[in-house]
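A short worksheet on the structure shown next.
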Amino acid sequence: MKKINQLLLIGFFSFTASHIVVAATNNVKIKGRLVNSPCVVLPENKNVEVDFGDIRLLDIYDPTYQLPRREMTLTLSNCDLSIAKRMKVKISGAEHGQMPGFIALTGAESNPGLGIGFKLSSGEEIKINQVSPLIPITQSGKNELKFDTFLKATPDSIANQQIKTGHISAIATFLFEYE
């Protein structure tokens, strides 16, 4: 009986030893970046959508018609004025081929005569892929940067009535540079 117990015990240890997990080397990578940023953009503020609504083609072709402008707000949180008091903004995206400084529409081949522009609330235009003038960070904590976004048509697309109906969209990325 003692011999059977010894054989069972040896068999048990042989079975458990055959199921030992071997760890692979270097299979977990951890990365990140430490920054000293004076403000943060919280996850709920990272995606901003601007809706121009419905715009009639007849209005676009009317030379006296002013295309609508929409306010866009970028919210910066946890701003620390001891790190920086001013910033510059760069809007990165696909520049319109016929209207330098404007962003091209996504799928612009359907409406190549339309582009989107950006202005600071002060009225100063921000050209796509270029750095803005200095903007003050006005207070510690939460700061809101307000921009006007506007749709613009090229003179040729208006004169030749080349604008087509349908959805319009564009994508841009905002980059902040602090001083």
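Counted the way mature numbering (1 follows the signal peptide of the UniProt record, and there is no 0) counts, the sequence shown spans residues -23 to -1, 1 to 156.
C-beta: ideal position from N, C-alpha, C; glycine also.
Residue of the options minimising C-alpha distance to residue i
i: Arg33; options: Asn55, Asn24, Pro45 and Val25; result: Pro45
i: Ile80; options: Gly94, Val5 and Ser87; result: Gly94
i: Glu101; options: Thr126, Glu156 and Ile7; result: Thr126
i: Ile105; options: Cys16, Leu111 and Lys96; result: Lys96
i: Gly30; options: Ser146, Pro20 and Gly92; result: Ser146
i: Ser54; options: Lys23, Leu91 and Arg10; result: Lys23
i: Asp36; options: Tyr155, Cys56, Gln138 and Glu156; result: Gln138
i: Asp28; options: Thr52, Arg47 and Asp57; result: Arg47
Euclidean distance between Cα positions of residue i and residue j
i: His73; j: Val18; result: 28 Å
i: Pro132; j: Ser98; result: 26 Å
i: His144; j: Thr83; result: 10 Å
i: Ile114; j: Thr150; result: 20 Å
i: Ile148; j: Gly70; result: 7 Å
i: Met64; j: Thr2; result: 44 Å
i: Met49; j: Asn4; result: 43 Å
i: Asn120; j: Tyr42; result: 34 Å
i: Glu21; j: Lys62; result: 24 Å
i: Gly90; j: Phe124; result: 23 Å
i: Lys129; j: Lys67; result: 20 Å
Exposure label - residue i; buried when at least 16 CB within 10 Å
i: Leu122; result: buried
i: Asn88; result: buried
i: Ile7; result: exposed
i: Val108; result: exposed
i: Ile103; result: buried
For residue i, three-class secondary structure by DSSP
i: Tyr42; result: coil
i: Leu51; result: strand
i: Ile68; result: strand
i: Leu(-17); result: Bear in mind that a pLDDT of 45 at Leu(-17), under 50, signals an unreliable position, so the model cannot answer this.
i: Leu152; result: strand
i: Lys23; result: coil
Residue i at chain C interface by Cβ criterion, 9 Å
i: Leu122; result: As a matter of chain content, chain C is missing from the structure shown, which is built from one protein chain.
Q: List in chain order: all unbroken alpha helix (DSSP H) runs of 4+ residues lying wholly within the segment 80 to 139.
A: 132 to 136
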